[in-house]
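A.B. asks: Have a look at the structure that comes next, please.
2 protein chains.
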Amino acid sequence: MNKEELTVGYMAKRCGVNVSTLHFYEEKGLIKSWRNQGNQRRYHRDTLRRVSVIKAAQKVGITLDNIKKALDSLPENRTPTKEDWQLLASNWNEELNARIAYLENLRDSLTSCIGCGCLSLTQCPIYNDQDKLATEGTGPILLDRKVSMK
Amino acid sequence: MNKEELTVGYMAKRCGVNVSTLHFYEEKGLIKSWRNQGNQRRYHRDTLRRVSVIKAAQKVGITLDNIKKALDSLPENRTPTKEDWQLLASNWNEELNARIAYLENLRDSLTSCIGCGCLSLTQCPIYNDQDKLATEGTGPILLDRKVSMK
DNA sequence: ACTTTACCTCAATATAACTTGAGGTTCTAT
DNA sequence: ATAGAACCTCAAGTTATATTGAGGTAAAGT
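For the protein sequence lines, the chains are B and U, in the order given.
In terms of this note's numbering, the first sequence opens at residue 1 and continues consecutively.
In terms of this note's numbering, the second sequence opens at residue 1001 and continues consecutively.
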C-alpha cells in the first residue's frame, strides 16, 4: 500500500474504529479523504492522528460538535505542526481539569451527603443543587454543553 | 397539601426535573407512586431523596439501569435507613474515584502526547490505547458499561 | 480468470434519557 | 359554578453517536 494513501480498512484497524465510523466522521466534517479511480476513499497519514485525537477528546467528554470546532482551527493548507496540536491539547487540558475538579467536588458531597441521613432539605447540597451541569442536557454526564471551547 | 402525599408537580419543582421525567422514572421502575381518587399520582416524601440520589448518581456518570439496580437493593417494606443509603453512597464513591483516576491519567498523557509531535505510532499512548473504556459503547464518556455495580 | 475480500451508497435501526403534543379529566380557587 | 391550572395516557419526536443491512462495484489473491 502506498505510504501516503491509506485505505479506510487500514485506517479503521489502526484507529480501532469501524469503517462505518470513519464514514460517519467524514460526513460530519471531522476528517477528509479523497477518492481513487474506483471511488474508494484514500486518507492522508495525518488522519490517523486526527482520529486518535478525536477519540482522546471524546474520552474527556467533549462532543463531536465541539471537537469539530477545535479541529476546524487547524490549518488546512499544511500538515499541522506540533504547536498547532499543542494549542488544542492545552484547551482540552483545561476542560479536563475542570471536569476532574467537578467530580472531586461531587465525591466530597456524595458520601457525606447521600449517606448522612439528613433530611434537612434546605441545607443538603444534593437536594439543593444549583449546578447547571446537573439539570441541563440529556446524556449521562454532559458536562460539555456549558463549557466553551473557544 | 397533605404532608405525606406529594403531587407530581410539587415533586418536580422540588427536585428540579420535569413532570414528564418523573413519569419516565416511574415507568422505568426507579420510583413509585400510588393514585388518589382521581387517578393522580401521589408520592411518599422519601421519593424526594430517591430522585436526588438518582440525579447525583447520573452526575457521576452512572446509567439509569445501574442506578435502578442499586436502588433495587434498598428495602421495600420500610423507609431506608441511613445505613441503607450509606451502602449505596460508598459503592458510587468507588466508581467516582475510579473515574477521577481515569481522567487524571488521561490528562497526564494528553498534553504530553497530543502535543508532543511524536509520530511513533507504536509508542504513543493515545494512538495505542488499550483501554477498553475508549472503544466500548456509544455515548460521550460511557465509563459506566465496564464497571460492575454489585 | 475467477473468487474472495474490501469497498461503495443510502436508508433504516439502535440506545439512553428524555421531551412534546394531542385529546381528555380532575382539582382548586374565586 | 365555573375558569384555569394541574393532571392523565399514549404515541411520536429529539439528540448524539454510531451500527447494520441491502444491493452493487472494485481490487487483490491464486
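Here a beta-carbon is modelled for each residue, glycine too, at the ideal position from N, C-alpha and C.
Is it buried or exposed for Tyr43(B), if we count other Cβ within 10 angstroms and need 16 for buried?
C.D. replies: To locate residue 43(B), count along the first sequence from 1; it is residue 43. Counting Cβ neighbours within 10 Å, Tyr43(B) comes out buried, since at least 16 surround it.
A.B. asks: Does DSSP put Leu1074(U) in a helix, a strand or coil?
C.D. replies: Numbered from its first residue, the second sequence carries residue 1074(U) at position 74. Note: Leu1074(U) maps to coil in three-state DSSP.
A.B. asks: Would DSSP call Asn1041(U) helix, strand or coil?
C.D. replies: As a first step, residue 1041(U) is located in the second sequence; it is residue number 41 there, counting from the start. According to the sequence displayed, residue 1041(U) carries Arg and not Asn. In this structure, Arg1041(U) counts as strand in the three-state DSSP scheme.
A.B. asks: Could you confirm whether any beta carbon from chain B is found closer than 7 Å to the beta carbon of Lys1013(U)?
C.D. replies: Residue numbering aside, residue 1013(U) sits at position 13 when the second sequence is read from its first letter. So no, Lys1013(U) is outside the interface.
A.B. asks: In this structure, does DSSP put Leu1006(U) in helix, strand or coil?
C.D. replies: Against the second sequence, residue 1006(U) aligns to sequence position 6. Strand.
A.B. asks: With Leu1074(U) and Arg1045(U) assumed to form a contact (beta carbons below 8 Å), what rounded beta-carbon distance in angstroms separates them?
C.D. replies: Numbered from 1 along the second sequence, position 74 holds the residue referred to as residue 1074(U). Numbered from 1 along the second sequence, position 45 holds the residue referred to as residue 1045(U). That belief does not hold up - the Cβ atoms of Leu1074(U) and Arg1045(U) are roughly 15 Å apart, past 8 Å.
A.B. asks: Between Val19(B) and the rest of its own chain, which residues show a CB-CB distance below 6 Å, the 5 nearest in sequence each way excluded?
C.D. replies: The sequence position of residue 19(B) within the first sequence is 19, counting from 1. Excluding sequence neighbours, Val19(B) sits near Val8 and Ala12.
A.B. asks: Count the other CB atoms, across all protein chains shown, that sit within 10 Å of the CB of Arg49(B); report buried if there are 16 or more and exposed otherwise.
C.D. replies: As a position in the first sequence, residue 49(B) is number 49, starting the count at 1. Per the 10 Å Cβ criterion, buried.
A.B. asks: Rounded to the nearest angstrom, what separates Ser1120(U) and His1023(U) at their Cα positions?
C.D. replies: The count along the second sequence starts at 1 and reaches residue 1120(U) at position 120. The count along the second sequence starts at 1 and reaches residue 1023(U) at position 23. With a pLDDT of 44 at Ser1120(U), under the threshold of 50, the modelled position of this residue cannot be trusted; read the value that follows with caution. Roughly 53 Å between the two C-alpha positions.
A.B. asks: Could you give the first and the last residue of the continuous alpha helix (DSSP H) run that contains Ser1020(U)?
C.D. replies: If you number the second sequence from 1, residue 1020(U) lands on position 20. Val1019 to Glu1027 is the extent of the alpha helix (DSSP H) around Ser1020(U).
A.B. asks: Taking contact to mean at least 3 C-beta pairs separated by less than 8 Å, is the stretch 85-94 of chain B in contact with the stretch 1025-1038 of chain U?
C.D. replies: In short, these stretches do not touch, since the Cβ pair count stays below three.
A.B. asks: If distances are taken between C-alpha atoms only, which option among Ser1052(U), Thr1081(U), Val1060(U) and Ala1070(U) comes closest to Asn1097(U)?
C.D. replies: Numbered from its first residue, the second sequence carries residue 1097(U) at position 97. Per the Cα distances, Val1060(U).
A.B. asks: Measure the alpha-carbon distance for Leu30(B) versus Val17(B) and round it to whole angstroms.
C.D. replies: Along the first sequence, one-based indexing puts residue 30(B) at 30. Along the first sequence, one-based indexing puts residue 17(B) at 17. Taking the straight line joining both Cα atoms gives about 14 Å.
A.B. asks: At which residues does the alpha helix (DSSP H) containing Lys1059(U) begin and terminate?
C.D. replies: For the purposes of this step, residue 1059(U) is taken as the residue at position 59 of the second sequence. Start and end: Asp1046 to Val1060.
A.B. asks: If you draw a straight line from the alpha carbon of Arg1107(U) to that of Thr21(B), how long is it in whole angstroms?
C.D. replies: Numbered from 1 along the second sequence, position 107 holds the residue referred to as residue 1107(U). Numbered from 1 along the first sequence, position 21 holds the residue referred to as residue 21(B). Rounded to the nearest angstrom, the two C-alpha atoms are 25 Å apart.
A.B. asks: Span of the alpha helix (DSSP H) holding Ser1033(U)?
C.D. replies: Looking up residue 1033(U) in the second sequence gives position 33. No alpha helix (DSSP H) holds Ser1033(U); DSSP gives it neither H nor E.
A.B. asks: Taking the alpha-carbon positions, what's the Ala101(B) to Trp34(B) distance?
C.D. replies: Against the first sequence, residue 101(B) aligns to sequence position 101. Against the first sequence, residue 34(B) aligns to sequence position 34. Those two C-alpha atoms are separated by around 42 Å.
A.B. asks: Under the rule that 16 or more other beta-carbon atoms within 10 Å means buried, what is Thr1047(U), buried or exposed?
C.D. replies: Counting from 1 along the second sequence, the entry for residue 1047(U) is found at position 47. With 16 or more Cβ atoms within 10 Å of its Cβ, Thr1047(U) is classed as buried.
A.B. asks: Locate the alpha helix (DSSP H) running through Leu1220(U), then write down its first and last residues.
C.D. replies: Since the first residue shown for chain U is 1001 and the last is 1150, residue 1220(U) is missing from the structure and cannot be characterised.
A.B. asks: Please classify Glu1076(U): is it buried, with 16 or more other beta-carbons within 10 angstroms of its beta-carbon, or exposed?
C.D. replies: Numbered from its first residue, the second sequence carries residue 1076(U) at position 76. Result: exposed.
A.B. asks: Quick one, which residues of the stretch 90-113 of chain B are near chain U if we go by CB-CB under 9 Å, in chain order?
C.D. replies: Result list: Ser90, Trp92, Asn93, Leu96, Asn97, Arg99, Ile100, Tyr102, Leu103, Glu104, Leu106, Arg107, Ser109, Leu110, Thr111, Ser112 and Cys113.
A.B. asks: By the 10 Å Cβ neighbour count, where 16 or more other Cβ atoms means buried, how is Lys28(B) classified, buried or exposed?
C.D. replies: Counting from one through the first sequence, the residue named residue 28(B) turns up at place 28. With fewer than 16 Cβ atoms within 10 Å of its Cβ, Lys28(B) is classed as exposed.
A.B. asks: Quick check: what's the CA-CA separation for Cys15(B) versus Lys69(B)?
C.D. replies: Taking the first sequence and counting its residues from 1, the one referred to as residue 15(B) is at position 15. Taking the first sequence and counting its residues from 1, the one referred to as residue 69(B) is at position 69. Their Cα atoms are separated by approximately 21 Å.
A.B. asks: Quick check on Asn105(B): buried or exposed, where buried means 16 or more other Cβ atoms within 10 Å of its Cβ?
C.D. replies: The residue labelled residue 105(B) in the question sits at position 105 within the first sequence. Exposed: under 16 other Cβ atoms inside 10 Å.
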